[in-house]
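Each step along the sequence shown adds one to the number in our numbering, with nothing skipped, and position 200 is 201. Quick notes on the structure that follows.
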Amino acid sequence: MVILMLVAAVVGGAAWYASFRKVDAATAANQQGAQETKSRDDSLPRATPVLVAPARKGSLDIYLFALGTVTPINSVVVRPSVDGQIMNIAFKEGQWIKSGDLLAQIDSRPFEVQLMLATGQLARDQALLDNAQADLERYRTLLAQDSISGQLVDTQKSLVRQYKAAVQADQAAVDNAKLQLANTRIIAPISGWVGLRQISPGNIVHAADANGIVVITQLQPVGVVFTIPEDALPRVMKRLRSSARIPVDAYDRAQKEKLGKGRLLAADNQIDVATGTIKLKAEFPNADGALFANQFVNVRMPVETRIKATLVPTAAIQRGAAGTFVYVVKEDLTVAVTPVKTGPTQDETTVIDDGVSEGAMVVIDGADRLREGTKVEIISREPLAKSGV
Numbered sequence: 002m003v004i005l006m007l008v009a010a011v012v013g014g015a016a017w018y019a020s021f022r023k024v025d026a027a028t029a030a031n032q033q034g035a036q037e038t039k040s041r042d043d044s045l046p047r048a049t050p051v052l053v054a055p056a057r058k059g060s061l062d063i064y065l066f067a068l069g070t071v072t073p074i075n076s077v078v079v080r081p082s083v084d085g086q087i088m089n090i091a092f093k094e095g096q097w098i099k100s101g102d103l104l105a106q107i108d109s110r111p112f113e114v115q116l117m118l119a120t121g122q123l124a125r126d127q128a129l130l131d132n133a134q135a136d137l138e139r140y141r142t143l144l145a146q147d148s149i150s151g152q153l154v155d156t157q158k159s160l161v162r163q164y165k166a167a168v169q170a171d172q173a174a175v176d177n178a179k180l181q182l183a184n185t186r187i188i189a190p191i192s193g194w195v196g197l198r199q200i201s202p203g204n205i206v207h208a209a210d211a212n213g214i215v216v217i218t219q220l221q222p223v224g225v226v227f228t229i230p231e232d233a234l235p236r237v238m239k240r241l242r243s244s245a246r247i248p249v250d251a252y253d254r255a256q257k258e259k260l261g262k263g264r265l266l267a268a269d270n271q272i273d274v275a276t277g278t279i280k281l282k283a284e285f286p287n288a289d290g291a292l293f294a295n296q297f298v299n300v301r302m303p304v305e306t307r308i309k310a311t312l313v314p315t316a317a318i319q320r321g322a323a324g325t326f327v328y329v330v331k332e333d334l335t336v337a338v339t340p341v342k343t344g345p346t347q348d349e350t351t352v353i354d355d356g357v358s359e360g361a362m363v364v365i366d367g368a369d370r371l372r373e374g375t376k377v378e379i380i381s382r383e384p385l386a387k388s389g390v
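Below you can see the structure in the form of structure tokens.
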């Protein structure tokens, strides 16, 4: 009995061992197959995710950017023409005034007295002249009657001429006194904005004062002076000489807010040899008063328009040892290194003068992982950003 039990145990153990070996062999075979499959997959080239854009035909305005300074068309330091005491200030600081408006009044009483004196002297000499002329007529009558000598008539003629000269001098004195009296009223020579006053009522002012009473600046219209590189001058002068209106835009320092739109007026007559630049002047209506004298502004001016040009995003342009090129995606989703000749660039768009044609798909993101013949996968911008390319 014991022998039979031992035999059964041996037979059962052999059967279990055989089945275990079969399972282990199957598992090993499956693992080997998986490894071979993975190895084959790893040996295949993986597609690089990229973002593309088509080359297109279109028009592109080319702009020049520069830093400019706002300059008033006219700026006047108002000074008195006569000496005297300021009796009244007739303007408010920062006020807009018209040409001919009263700005200040100087004490006029001393000048009124001078006018009265000059007028009295004129009247006196005029009376003497009238009397001398009447005597001359009588002397001529007596001379005709041979009642007096001719010498007496000649003497009277000389006296009349003296009185005439005196009357002319007196009239000049009267005119000068009137002018001095009129100059006690200080009026605005131009229309514009007045600044901060330099004097207060009660002070004595002189014609030789350096600071004057106030400064008036004409800001409507207003000028902006800026510089451009001398290399850009031929394109600008070509348009300017053709009588074409060249628009000029002025922006704030951050180039976010547009302050005004004007037009180019003229170019300077010489180039600064130290900087290789030339000054240009533009005029702005400045109806809203956004531009102030001596304000720094960013200037944008179109100098050229490319018509029916081949345009690509600037991000597609790559540069290497062989020159400038773009990656063009072919139909089999591989990329080709395509040399290009670039034209002007404006904002995020570049003109392609030669190298690619309209409709070519160029890589604009993910180019740092590419080389000739690389397999690519065209995806949207969101997944590309998440992939870190």
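Positions of the beta carbon are idealized from the N, C-alpha and C atoms, including for glycine. Quick caveat: nothing in here was measured; it's all calculated off a predicted structure.
Just curious, the alpha helix (DSSP H) that Q152 is in, first and last residue? 151-183
Excluding sequence positions up to five away, which residues of its chain have a Cβ less than 6 Å from the Cβ of F66? The residues R301, in chain order, have a CB closer than 6 Å to that of F66 in the same chain once the five nearest residues on each side in sequence are set aside.
Thinking just about the alpha-carbon of each residue, which of N287, V237, K262, D253 is nearest to the one in K280? Among N287, V237, K262, D253, the Cα nearest to that of K280 belongs to V237.
V83 beta carbon less than 7 Å from that of V216: For V216 and V83, no; Cβs fall outside 7 Å.
Return helix, strand or coil for P81, following the three-state DSSP convention. coil
Under a Cβ-count criterion, where at least 16 other Cβ atoms within 10 Å of its own Cβ denotes burial, should D171 be classed as buried or exposed? Its Cβ being crowded by 16 or more others within 10 Å, D171 is buried.
Inter-residue Cα distance where the pair is P314 and A189: 56 Å
State buried or exposed for V114, treating a residue as buried only when at least 16 other CB atoms are found within 10 Å of its CB. Around the beta-carbon of V114, fewer than 16 other beta-carbon atoms lie within 10 Å, marking it exposed.
Taking just the CA atoms, how far does R240 sit from S358? Each residue's alpha carbon lies about 30 Å from the other.
Straight-line Cα distance separating W97 from A133: 57 Å
I'd like to confirm the pairing. Which residues does DSSP put opposite I279 in its beta bridges? I229
Same chain, Cβ closer than 7 Å to G213, neighbours up to 5 away in sequence not counted: V78, V79, R80, Q199
Element boundaries [alpha helix (DSSP H), containing V359]: Checking the sequence shown, residue 359 turns out to be Glu, not Val. Looking at the DSSP string, E359 is not in any alpha helix (DSSP H), and its letter there is neither H nor E.
With which residues is L312 paired in a DSSP beta bridge? R57, V352
Closest by CA to V206, which one among R242, L197, T185, A251? From the listed residues R242, L197, T185, A251, the smallest Cα separation to V206 is found for T185.
In the DSSP output, which residue or residues are listed as bridge partners for Q199? Its beta-bridge partners do not exist; DSSP assigns none.
Check each candidate in Q319, A291, S201, V225 and name the one with the smallest Cα separation from I90. S201
To which residues of the same chain is V154 closer than 8 Å at the C-beta, ignoring the five residues directly before and after it? L137, Y140, R141, L144
Could you please give me the residues that DSSP links to G394 through a beta bridge? This structure leaves residue 394 out entirely; the chain is present only between 2 and 390.
Which whole-angstrom value describes the C-beta separation of V393 and T339, a residue pair presumed to lie in contact below a C-beta threshold of 8 Å? The question about residue 393 has no answer here: the residues shown for the chain are numbered 2 through 390.
Selected residue, minimal CA-CA separation from T335, among R372, E305, D289: R372
Who are the Cβ neighbours of R370 in its own chain at under 6 Å, not counting the five residues just before and after it? The answer, listed in chain order, is T49.
Host beta strand (DSSP E) of L234 (start-end): Here L234 belongs to no beta strand (DSSP E); instead the alpha helix (DSSP H) covers 234-242.
Who are the near neighbours of P303 in its chain, counting only those whose CB is closer than 6 Å to its CB and skipping five residues on each side? For P303, where only same-chain residues beyond five positions count, the Cβ hits under 6 Å are D62, Y64.
Taking L145 as part of the beta strand (DSSP E), name the residues at either end of that continuous run. Sequence inspection shows Ala at residue 145; the Leu mentioned does not correspond to that position. Per DSSP, A145 is not a residue of any beta strand (DSSP E); the alpha helix (DSSP H) it occupies stretches across 110-145.
Could you round the C-beta distance between I365 and V71 to whole angstroms and report it? I think they count as a contact, below 8 Å. Actually they do not touch by this definition, with Cβ atoms about 39 Å apart.
With hydrogens ignored, establish whether the beta-carbon of K158 is closer than 6 Å to any heavy atom of the ligand SAM. The ligand content of the structure shown is nil, which means the ligand SAM is not present either.
In or out: D176 buried (at least 16 other Cβ within 10 Å) or exposed? exposed
Residues in the same chain with beta-carbon distance under 8 Å from L118, minus the five sequence neighbours each way, listed in chain order, please. A178
Bridge partners - F293, DSSP secondary structure assignment: Note: F293 sits in no beta bridge, so no partner.
Per DSSP, which one or two residues make a beta bridge with T335? K376
Could you check what DSSP says for A267 in three-state terms: helix, strand or coil? strand
Are E305 and P222 close, meaning C-beta to C-beta below 7 Å? Not in contact: E305 and P222 (Cβ atoms no closer than 7 Å).
Keeping to the same chain, check which residues put their C-beta closer than 6 Å to that of K309; ignore five residues upstream and five downstream. K58
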